[in-house]
Amino acid sequence: MTINEGGWRPERPQAERRARAGTHTGNRALMLEEPLTFEIGTPDATGVDFEPANLGPEVRSSVPWEGAVDEVYYEMRELERRAPIGLPGLSEPETVRHYTRLSRQNYAIDLGLFPLGSCTMKHNPRLNEKVARMPGFADIHPLQPVDTVQGAFAVIHRLAEWLLKLTGMHSVAMSPKAGAHGELCGLLAIRSALEARGDARAVILVPESAHGTNPATAAFAGYRVENIPATAAGRVDLEALRARLGPDVAGVMITNPNTCGLFEPDMIEISRAVHEAGGLVYCDGANFNAIVGKVRPGDLGIDAMHINLHKTFSTPHGGGGPGSGPVVFSAALSPYAPLPFVEKQGEQYLLVEEENADEHHASSFGRMVAFHGQMGMFTRALAYMMSHGADGLRQVAEDAVLNANYVLRSLEDVLDAPFGASGPCMHEALFSDKGFAPGLSTLDLAKALIDEGYHPMTMYFPLVVHGAMLVEPTETESKAALDEFIGALRSVAERARAGDETLKAAPVHAPRRRLDETLAARKPVLVYKEPEQAEAAE
Amino acid sequence: MRYLPLSDADRLQMLAVIGASSVDELFADVPAAARLDGRIEGLPDHAGEMAVERELGALARKNVAAGDVPFFLGCGAYRHHIPASVDHLIQRGEFLTSYTPYQPEIAQGTLQVLFEFQTQVARLYGCDVANSSMYDGSTACWEAIGMARRITRRGKAILSSGLHPHYVSVAKTMARFTGDTIEAEPPRFDENTDVARLLDRIDDDTSCVVFQYPDILGRCADMSELAARAHEKGALLIAVVTEPVALGKLKSPGEMGADIVVGEGQSLGVGLQFGGPYVGLFACAEKYVRQMPGRLAGMTLDAEGKRGFVLTLSTREQHIRREKATSNICTSSVLCALAFTMHLTLLGEKGLRQLAELNFDRALYAAERITRVWPRATLLNHTMFNEFTLVLNREARPVVRELANRGILGGVSLGRLYPGEPSLERGLVVAVTETATREDIDTFVAALEEVLA
Numbered sequence: 001m002t003i004n005e006g007g008w009r010p011e012r013p014q015a016e017r018r019a020r021a022g023t024h025t026g027n028r029a030l031m032l033e034e035p036l037t038f039e040i041g042t043p044d045a046t047g048v049d050f051e052p053a054n055l056g057p058e059v060r061s062s063v064p065w066e067g068a069v070d071e072v073y074y075e076m077r078e079l080e081r082r083a084p085i086g087l088p089g090l091s092e093p094e095t096v097r098h099y100t101r102l103s104r105q106n107y108a109i110d111l112g113l114f115p116l117g118s119c120t121m122k123h124n125p126r127l128n129e130k131v132a133r134m135p136g137f138a139d140i141h142p143l144q145p146v147d148t149v150q151g152a153f154a155v156i157h158r159l160a161e162w163l164l165k166l167t168g169m170h171s172v173a174m175s176p177k178a179g180a181h182g183e184l185c186g187l188l189a190i191r192s193a194l195e196a197r198g199d200a201r202a203v204i205l206v207p208e209s210a211h212g213t214n215p216a217t218a219a220f221a222g223y224r225v226e227n228i229p230a231t232a233a234g235r236v237d238l239e240a241l242r243a244r245l246g247p248d249v250a251g252v253m254i255t256n257p258n259t260c261g262l263f264e265p266d267m268i269e270i271s272r273a274v275h276e277a278g279g280l281v282y283c284d285g286a287n288f289n290a291i292v293g294k295v296r297p298g299d300l301g302i303d304a305m306h307i308n309l310h311k312t313f314s315t316p317h318g319g320g321g322p323g324s325g326p327v328v329f330s331a332a333l334s335p336y337a338p339l340p341f342v343e344k345q346g347e348q349y350l351l352v353e354e355e356n357a358d359e360h361h362a363s364s365f366g367r368m369v370a371f372h373g374q375m376g377m378f379t380r381a382l383a384y385m386m387s388h389g390a391d392g393l394r395q396v397a398e399d400a401v402l403n404a405n406y407v408l409r410s411l412e413d414v415l416d417a418p419f420g421a422s423g424p425c426m427h428e429a430l431f432s433d434k435g436f437a438p439g440l441s442t443l444d445l446a447k448a449l450i451d452e453g454y455h456p457m458t459m460y461f462p463l464v465v466h467g468a469m470l471v472e473p474t475e476t477e478s479k480a481a482l483d484e485f486i487g488a489l490r491s492v493a494e495r496a497r498a499g500d501e502t503l504k505a506a507p508v509h510a511p512r513r514r515l516d517e518t519l520a521a522r523k524p525v526l527v528y529k530e531p532e533q534a535e536a537a538e
Numbered sequence: 001m002r003y004l005p006l007s008d009a010d011r012l013q014m015l016a017v018i019g020a021s022s023v024d025e026l027f028a029d030v031p032a033a034a035r036l037d038g039r040i041e042g043l044p045d046h047a048g049e050m051a052v053e054r055e056l057g058a059l060a061r062k063n064v065a066a067g068d069v070p071f072f073l074g075c076g077a078y079r080h081h082i083p084a085s086v087d088h089l090i091q092r093g094e095f096l097t098s099y100t101p102y103q104p105e106i107a108q109g110t111l112q113v114l115f116e117f118q119t120q121v122a123r124l125y126g127c128d129v130a131n132s133s134m135y136d137g138s139t140a141c142w143e144a145i146g147m148a149r150r151i152t153r154r155g156k157a158i159l160s161s162g163l164h165p166h167y168v169s170v171a172k173t174m175a176r177f178t179g180d181t182i183e184a185e186p187p188r189f190d191e192n193t194d195v196a197r198l199l200d201r202i203d204d205d206t207s208c209v210v211f212q213y214p215d216i217l218g219r220c221a222d223m224s225e226l227a228a229r230a231h232e233k234g235a236l237l238i239a240v241v242t243e244p245v246a247l248g249k250l251k252s253p254g255e256m257g258a259d260i261v262v263g264e265g266q267s268l269g270v271g272l273q274f275g276g277p278y279v280g281l282f283a284c285a286e287k288y289v290r291q292m293p294g295r296l297a298g299m300t301l302d303a304e305g306k307r308g309f310v311l312t313l314s315t316r317e318q319h320i321r322r323e324k325a326t327s328n329i330c331t332s333s334v335l336c337a338l339a340f341t342m343h344l345t346l347l348g349e350k351g352l353r354q355l356a357e358l359n360f361d362r363a364l365y366a367a368e369r370i371t372r373v374w375p376r377a378t379l380l381n382h383t384m385f386n387e388f389t390l391v392l393n394r395e396a397r398p399v400v401r402e403l404a405n406r407g408i409l410g411g412v413s414l415g416r417l418y419p420g421e422p423s424l425e426r427g428l429v430v431a432v433t434e435t436a437t438r439e440d441i442d443t444f445v446a447a448l449e450e451v452l453a
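Chains A and B supply the protein sequences, listed in that same order. Take 1 as the starting number for the first sequence in this note's numbering and just add one per residue. Take 1 as the starting number for the second sequence in this note's numbering and just add one per residue.
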């Protein structure tokens, strides 16, 4: 495959675009078109003024140095870049305007309800941003002497305490960078524990409804992945699981509440069965928001679970990260947890890493990441927890579950709820495309929701439901906001049932109409090329 | 509670619609044995903004902030000045509070910035293509080693002794589970990098050679010969760059023949943040793009023929390929990538080159001043960008602590980075960026002179 094989991706002639917009510029009032920096910037423009070197004439790089330093100066000339890099710059006003205009082409929680199932798009409190930017947290180096960063270790330790109390688990590894990295952390601990007892096993069982990261992580950790079937009620089939357990099964990865938005009522029996067969239980904690303060995973027999601080504890998702995925462990897995971690000794906080691990943590499976984890997310999550307190976090789970059930029951007459009959859902409501007129799909409904001013729900996931639509409103939506959303979803669902073909053209009011993903994948254009370069490549 | 909009009256109305008499009924699936009836013990109740700010502010003040003292730490995390507009822009709610751009029609903002990011990273690294970010440099480095295994179908990675020890640790941890062989050893006090040693080690089982540029001791070397030898043996050259500002002055790894270039992007836009969140950069030759981990933004057209951007080539990824994916990564580090791109756009080519020269000048100035402490401190480097290694006349770790007692954060001791390597314990790695003033440097050198006396 060759990138840019088809050359530069031409837009339609500008005149045609203008005609469509009906304006000279192609803009439509506040809907503003914005080129790439590579099309508007120049290599000589800059938005940063540097102070002069200010070190005196003897220390300018145009002037030879003395002795050893002189040698460095000349050695480095050999390694100097000669050709232009090709990085355009913009002045500050142009930069601010460029990125501000682009920002307005994004949907966001700050603009409206963002019901993306499994993603927990809740309000991101601005206090947390303020705290994270305090110089004592934002402007400290990870390798500073430990007695100059005791406040930072105190934050990590305090957050760890909150997580342990909320989950009822034995220890917590703070360093994993995101949910999937946490999954990997949990599975590596499981593998280390099994190997330590001389019982390496080859298989991890994963329910059919699992998020794609679960099987990918298990494979990354060196395991073979096998599916566990679901029951008609959308839960793990306990009998099928029991039948498959055996001396080759290292453990299970179960999401609870699961990706159908349901609590696994057999979780305690599942854990017991896995343990009796010599395996260990990993729980994907992506949906912890539904049960925080109401259920402690430690009471369900779980051995390891990651917690997405960017979901349950509201650190902003930022368009795809950064996240943070601390992993809580049972007593059985704690000895194998990764380095580093923070211990409190009297009034002092101690960093346990490679050098002192032998005394404190000899069985650790090692380091997963440079430095200590996502400090900037720790401060935000801790501010969030302190703001809510133990009482508020319980209310978070209750309101999240209440909001989801309200959506479920308000729409089940127009949208098929495959598990609606089996009882209440947890924090997200699952619908299928059953009842849509032929030719209309979940995608069409989702795109129509964009025109109504909403980000669509999670589509086509979980895979066990046809045309799945997974709606997670979260607890930070008011009843009025939910009612308006329910009205919009009802309207587009009715159009889908009635066979309204105009849905296929949606969205018509977004910054872009439907984008051609096939073209993007068939002839990938992943970097900008100047038009003359692109033409030459054709 | 200020983040929860429902009133008790709302809750009752909603329960009526649902047909439940209480919220607890909604939790009926939770086994009774696991249900908590009251609030969790040992945690405080909710608190107002002022109280939270006061308490966390007190913890923040217990730390010595880099901006308050002469500061010379590097080793994989660098303090640079970030223009005020960068932080303003990434705090716009449309960037801050959006999700991974799965619905491209209403995520063009993030997608277009990621396309700009990919182009900037590819050009800075001298590669054909780049992805839209990884967690950080250390995880990007391991992912590159895994990618080289998939491409070459070989399992032995040879790591330069100049590779950041945390990056080495991550690779060793992961290799234990994947079955890869990692050859690594600690650095030596040598003015030259270990290129010559690596040239001898590459054999027919080697999947890749991993070389850091500039390396952990601040040394720089041309990688062309390494690339040529690796290619001759059917292996790949992976270059690791922990200080992207260096590439405003130095030849890019791609120009020297590196097949995959990865690194840390924290220097631009992100800040120190005690080690995270950071942003992993990942670029490669276009022929390898299908083996690349992570998300990719690509250009396409919409139904009206307007240019737009989407996430593409997702058949490599976990949500499609599941256990056969090139990586398990899902959430990466997009907001930090945005900050990187905004900072680099403000700099532009001219600004980046100026910034790089300013760093080089300050580092040379500091190195030159420190020669007056000779022979109590000897400069190891014959090559450097903004970081160099001093070999002291005594163990460096207590010296760092003593400098901290005098209000100076004076570098990273190799004893901290390489515990159990007595041969390195007299090493002190000093980074000097544009944020260090002449007065800072002079204060540092004077203090070092006293401490080593």
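Idealized CB from N, CA, C, for every residue including glycine.
Any C-beta of chain B under 8 Å from that of residue i
i, result
"A:Asn-124", "yes"
"A:Phe-288", "no"
"A:Thr-23", "no"
"A:Tyr-406", "yes"
"A:His-181", "yes"
"A:Val-525", "yes"
"A:Glu-477", "yes"
Paired residues, beta bridge with residue i - DSSP
i, result
"B:Asp-8", "B:Asp-8 is not bridged to any residue."
"A:Pro-207", "A:Ile-228"
"A:Tyr-282", "A:Met-253, A:Ala-304"
"A:Leu-470", "A:Leu-430, A:Thr-458"
"B:Leu-250", "A:Glu-80"
"A:Tyr-349", "A:Lys-344"
"A:Ser-171", "A:Phe-329"
"B:Gly-308", "B:Thr-300"
Minimum Cβ-Cβ distance from residue i to chain A less than 8 Å
i, result
"B:Ile-329", "yes"
"B:Asn-381", "yes"
"B:Gln-291", "no"
"B:Leu-392", "no"
"B:Lys-156", "no"
"B:Gln-118", "yes"
"B:Tyr-3", "yes"
"B:Ile-18", "yes"
"B:Thr-435", "no"
"B:Cys-75", "yes"
Cβ distance (whole Å) where residue i is taken to contact residue j below 8 Å
i, j, result
"A:Asn-106", "B:Phe-95", "7 Å"
"A:Ala-286", "A:Gly-186", "That pair is no contact at about 13 Å."
Classification of residue i by the beta-carbon crowding that lies within 10 angstroms, buried from 16 upward
i, result
"A:Asn-256", "buried"
"A:Asn-214", "buried"
"B:Trp-374", "exposed"
"A:Thr-2", "Note that A:Thr-2 has pLDDT 40, beneath the 50 cutoff, so the model's placement of it is unreliable and the number below is only indicative. Exposed."
"A:Gly-321", "buried"
"A:Val-63", "Only weak support exists for where A:Val-63 lies, its pLDDT of 45 falling under 50; the coordinates are left without a value."
"A:Gly-25", "It is Thr, not Gly, that sits at residue 25 of chain A in the sequence shown. Counting Cβ neighbours within 10 Å, A:Thr-25 comes out exposed, since fewer than 16 surround it."
- With 7 Å as the C-beta to C-beta threshold (strictly closer), list the residues of the stretch 58 to 71 of chain B near chain A in chain order. Leu-59, Ala-60, Arg-61, Lys-62, Asn-63, Val-64, Ala-65, Ala-66, Gly-67
- Task: With 7 Å as the C-beta to C-beta threshold (strictly closer), list the residues of the stretch 356 to 373 of chain A near chain B in chain order.
- Result: Taking 7 Å as the upper bound on Cβ-Cβ separation, chain B lies near residues Phe-365, Gly-366, Arg-367, Met-368, Val-369, Ala-370, Phe-371, His-372, Gly-373 of the stretch 356 to 373 of chain A.
- With 8 Å as the limit, tell me which residues of the stretch 127 to 159 of chain B have their beta carbon closer than that to any beta carbon of chain C; keep them in chain order. In the structure shown, chain C cannot be found, because the protein chains are A and B.
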